[in-house]
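The sequence shown begins at 0 in numbering that gives the first Met the number 0 and counts up by one. Every residue gets a Cβ at the ideal spot worked out from N, C-alpha and C, and that includes glycine. Have a look at the structure below, then the notes.
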Amino acid sequence: MRASEQFADTTTGVVYIHSATAALCPHVEWALAAVLNSPANLKWTSQPASAGTLRATTSWVGPVGTAARLVNALEAWPVLRFEVTEDPSDGVDGVRYSYAPGLGRWHGVASASGDIVLGELRLRAILAAGGDIASEIDHALGTPWDAELEPFRSGGEGGAEVTWLRRDVG
């Protein structure tokens, strides 16, 4: 097998905008479109967990590493609550990013089943630091972000409509 065939070129993922003001919605769509080279046209629905905000979900197809580029674009608005996932592909781990006001960005490696995986070096660093190990592991697993975002994830009746976005690779 040639080295260039060992890793996937394309992957998929999901962007969950958990809460955005109506004024930010077009900006979010423009940011997604700029990264994916595809119109977003999200279907925004009311977010019952936060009065006056909206939510949307979209799946995407694009080059490996697209999730990080999407997060970088969305962080321009620190009042957004969002998550971005990138599915595992040949030779590449999956990832999940979470963002919440006041907490900022969290990033974790995701297994094929969606579990967050803490590698050996990360665990050894937590042990070597000698602090509150349980708290450090909770932080590494993204527990504070999960606690903040969980009320926004269900989205009320019917959930959010999913829109597929695609970016051609090549």
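- Under DSSP, G93 shares a beta bridge with A109.
- Non-local C-beta neighbours of A124 in its own chain, meaning closer than 6 angstroms and more than five positions away in sequence, are absent.
- Shortest Cα-Cα distance from T84 to any of S110, E147 and A50 involves S110.
- Per DSSP, the unbroken alpha helix (DSSP H) holding W29 starts and ends at C24 to L35.
- Rounded to the nearest whole angstrom, the C-alpha separation of L117 and A66 is 19 angstroms.
- In this structure G93 is not in contact with P100, their Cβ atoms being roughly 25 angstroms apart against a cut-off of 8 angstroms.
- The secondary-structure analysis by DSSP pairs R54 across a beta bridge with T44.
- A distance below 8 angstroms between beta-carbons, with the five flanking residues on each side excluded, links G141 to the following residues of its chain, in chain order: R95, S97, W105, G107 and I115.
- Of all C-beta pairs linking the stretch 60–78 to the stretch 40–50, fewer than three are shorter than 8 angstroms, placing the two stretches out of contact.
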